[in-house]
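J.:
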Amino acid sequence: MKKDFISVKDLESAEIEEIFLLTDKLKRQKEKFTKALSGKTIVLIFQKPSNRTRVSFEVGMYQLGGNALYLSPHEINLGVRESIHDVAKTISRYADAIVLRTYAHETILQMAESASVPVINGLSDFEHPCQALADVYTVREKLKRLKGIILAYVGDGNNVAHSLLYTCAKTGMDIHIGTPSGYEPKKEVVEESKQIAKAKKSSVILFDNPHQAVKNADVIYTDVWTSMGQEEEAQERKRIFRDFQVNEKLLRVAKPMALIMHCLPAHRGEEITDEVMDSKNSIVFDQAENRMHVQKAILIKLLGN
Ligand code: CP
Ligand code: NVA
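Here the working numbering is used: position 282 in the sequence shown is 344, and no number is missing along the way.
1) Can you find the residues in the same chain that come closer than 8 Å, C-beta to C-beta, to residue 110, ignoring five residues on each side of it along the sequence?
2) Whole alpha helix (DSSP H) runs in the segment 263-298 with 4 or more residues, listed along the chain?
3) Going by DSSP in three states, residue 95 sits in which element: helix, strand or coil?
4) Where does the unbroken alpha helix (DSSP H) through residue 202 begin, and where does it stop?
5) Over what stretch of residues does the alpha helix (DSSP H) that includes residue 354 continue unbroken?
6) In this structure, what does DSSP give as the bridge partners for residue 163?
7) Would you mind giving the Cβ-Cβ distance between residue 343 and residue 319, rounded to the nearest angstrom? I have them listed as a contact below 8 Å.
8) When the distance is taken between beta carbons, is residue 242 closer than 8 Å to residue 153?
9) Is residue 112 a contact residue of ligand 1, with contact defined as CB to any heavy atom under 7 Å?
10) What does a CB cutoff of less than 6 Å around residue 147 pick up in its chain, not counting 5 residues either side in sequence?
11) Sort 249, 229 and 297 by Cα distance to residue 219 and report the nearest one.
12) Have a look at 252, 159 and 310 and flag the residue whose alpha-carbon is nearest the alpha-carbon of residue 266.
13) Tell me the DSSP secondary structure of residue 63 in three-state form.
14) I'd like the list of long-range same chain contacts for residue 305, defined as Cβ closer than 7 Å, with 5 residues on each side in sequence excluded.
15) Cutting at 7 Å between CB atoms, please list the residues of its own chain near residue 97, excluding the five before and the five after it.
16) Looking at residue 236 and ligand 2, is the gap between the Cβ and the nearest heavy atom below 7 Å?
17) Any heavy atom of ligand 1 closer than 7 Å to the beta-carbon of residue 193?
18) Spatial neighbours of residue 212 within its chain, please: C-beta separation below 8 Å, excluding the five flanking residues on both sides.
19) Determine the direct distance from the alpha carbon of residue 328 to that of residue 116, and round the result to whole angstroms.
20) Roughly how many angstroms separate the alpha carbons of residue 70 and residue 255, rounded to a whole number?
21) Kindly indicate which residue of 156, 67, 65 and 77 has the alpha-carbon position closest to the one of residue 233.
22) Which of helix, strand or coil does DSSP assign to residue 103?
23) Cβ atoms of residue 131 and residue 103: under 8 Å apart, would you say?
24) Taking the alpha-carbon positions, what's the residue 270 to residue 263 distance?
25) Helix, strand or coil for residue 158, going by three-state DSSP, please let me know.
26) Who are the Cβ neighbours of residue 326 in its own chain at under 7 Å, not counting the five residues just before and after it?
Next up, the structure:
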């Protein structure tokens with residue numbers, strides 16, 4: 063049976079560890095995997111812009127000996143020119159997997175339902191699972207452990223926050239989420255993550271104050287205040303999120319060596335200052351690089367023989 067990758071929620075903790083172990087190998091012994099997906103093709107259907115997701119999937123696939131084909135929003139015009147069902151059925155006849163970046167999470171679920179090949183979530187309004195796996199892999203690489211590590215996410219309770227909640231909980235990290243009230247992550251995600259964390263003896267704690275959220279944190283993570291598709295709210299969000307900027311003043315409350323993370327693209331001067339983004343503790347480009355390595359592991363797990 064084909065397996066999709068739509069949410070970190072669907073992965074067992076052991077599967078995440080397997081992905082991380084394979085990623086270690088892919089990073090250290092790249093030359094051993096140059097034919098791993100030879101003859102395979104993935105199709106990227108993107109309804110939103112992208113730098114990292116598109117490039118890391120395309121280059122990653124080439125490095126594994128396979129091919130990648132990118133379809134921009136206008137080419138497919140998903141659900142308008144053709145139904146999601148018909149697109150899924152058609153592409154399944156040509157390609158070995160679909161990476162979909164879209165707005166409504168439901169679109170990905172429908173694509174997965176109709177496709178006979180694996181569907182990978184390349185970001186929806188609800189989750190960004192490839193990002194969170196790469197992020198936690200990066201923390202593990204830098205700090206050599208996950209248990210007992212506090213990651214403080216400061217900003218909007220969005221798609222990235224949701225995937226981080228699941229991933230931190232599943233890997234035994236403690237996660238603090240600091241958002242303005244009304245911008246918390248979705249209740250169901252918080253509740254599910256708390257349940258998972260309980261079994262792992264780790265914690266999920268929500269704050270409406272950024273200083274409390276980052277207290278004692280080993281890692282401070284932020285993302286844009288206005289996600290793709292929310293552009294009309296940008297001005298209002300700038301006002302509401304003003305006190306949640308990751309800047310030098312906020313860092314004084316965290317551990318002195320706290321790592322700085324951002325999934326990128328960053329709106330420098332809004333959610334993060336240049337000073338922090340370019341500081342020696344910033345690992346934002348390591349995260350970006352690890353997107354590719356982790357996704358190569360995911361592709362091998364889903365498509366490899
Ligand atoms: N972090 C991330 O997904 O970047 P892109 O939007 O550029 O793909
Ligand atoms: N929350 C952001 C993440 C971009 C990678 C967005 O959805 O636009």
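By construction, the Cβ of each residue, glycine as well, lies at the ideal position given by its N, Cα and C atoms.
T.: Let's see:
1) Position 48 of the sequence shown holds residue 110. Within the same chain, residue 110 has close Cβ partners 135, 163, 164, 165, 185, 290 and 291.
2) DSSP assignment within the segment 263-298 yields the following whole alpha helix (DSSP H) runs of 4 residues or more, N-terminal first: 272-276.
3) If you number the sequence shown from 1, residue 95 lands on position 33. If DSSP states are grouped into helix, strand and coil, residue 95 belongs with the helices.
4) Start at 1 with the first residue of the sequence shown, and residue 202 comes out as number 140. Note, residue 202: alpha helix (DSSP H), 191-205.
5) The residue labelled residue 354 in the question sits at position 292 within the sequence shown. Unbroken alpha helix (DSSP H) run through residue 354: 346-365.
6) Walking along the sequence shown from the start, residue 163 turns up at place 101. Residue 163 is bridged to 108.
7) Here residue 343 refers to the residue found at position 281 when the sequence shown is read from its first residue. Here residue 319 refers to the residue found at position 257 when the sequence shown is read from its first residue. Contact annotation, residue 343 with residue 319: C-beta distance approximately 7 Å; criterion of less than 8 Å satisfied.
8) Counting from 1 along the sequence shown, the entry for residue 153 is found at position 91. Counting from 1 along the sequence shown, the entry for residue 242 is found at position 180. In this structure, residue 242 does not lie closer than 8 Å to residue 153 by Cβ.
9) By 1-based counting over the sequence shown, the position of residue 112 is 50. It does: the Cβ of residue 112 is within 7 Å (strictly closer) of some heavy atom of ligand 1.
10) Taking the first residue of the sequence shown as 1, we reach residue 147 at position 85. 176, listed in sequence order.
11) Residue 219 sits at position 157 when you count from the first residue of the sequence shown. It is 249 whose Cα lies nearest to the Cα of residue 219.
12) Here residue 266 refers to the residue found at position 204 when the sequence shown is read from its first residue. For residue 266, the nearest C-alpha among the options comes from 252.
13) Numbered from 1 along the sequence shown, position 1 holds the residue referred to as residue 63. Three-state DSSP puts residue 63 in coil, outside helix and strand.
14) The residue you call residue 305 lines up with position 243 of the sequence shown. Same-chain partners within the cutoff: 272.
15) Numbered from 1 along the sequence shown, position 35 holds the residue referred to as residue 97. If we look at residue 97 and ignore the five residues flanking it on each side, its Cβ neighbours are 127.
16) Locating residue 236 in the sequence shown gives position 174, where the first residue counts as 1. No; taking the cut-off as 7 Å, the Cβ of residue 236 has no heavy atom of ligand 2 nearer than that.
17) Taking the sequence shown and counting its residues from 1, the one referred to as residue 193 is at position 131. It does: the Cβ of residue 193 is within 7 Å (strictly closer) of some heavy atom of ligand 1.
18) Against the sequence shown, residue 212 aligns to sequence position 150. Answer for residue 212: 235, 236, 237, 238, 278, 279, 280 and 281, listed in chain order.
19) Taking the sequence shown and counting its residues from 1, the one referred to as residue 116 is at position 54. Taking the sequence shown and counting its residues from 1, the one referred to as residue 328 is at position 266. Residue 116 and residue 328: Cα-Cα distance of roughly 17 Å.
20) The residue you call residue 70 lines up with position 8 of the sequence shown. The residue you call residue 255 lines up with position 193 of the sequence shown. Each residue's Cα considered, the two are about 11 Å apart.
21) Walking along the sequence shown from the start, residue 233 turns up at place 171. Ranking the options by Cα distance to residue 233, first place goes to 77.
22) Taking the first residue of the sequence shown as 1, we reach residue 103 at position 41. In the structure shown, the three-state DSSP call for residue 103 is strand.
23) For the purposes of this step, residue 103 is taken as the residue at position 41 of the sequence shown. For the purposes of this step, residue 131 is taken as the residue at position 69 of the sequence shown. Closer than 8 Å, so yes.
24) Reading the sequence shown from its first residue, position 208 is the one you call residue 270. Reading the sequence shown from its first residue, position 201 is the one you call residue 263. So the alpha carbons of these two residues sit roughly 23 Å apart.
25) Locating residue 158 in the sequence shown gives position 96, where the first residue counts as 1. Correct three-state label for residue 158: coil.
26) Taking the first residue of the sequence shown as 1, we reach residue 326 at position 264. Correct list, in chain order: 114, 346 and 350.
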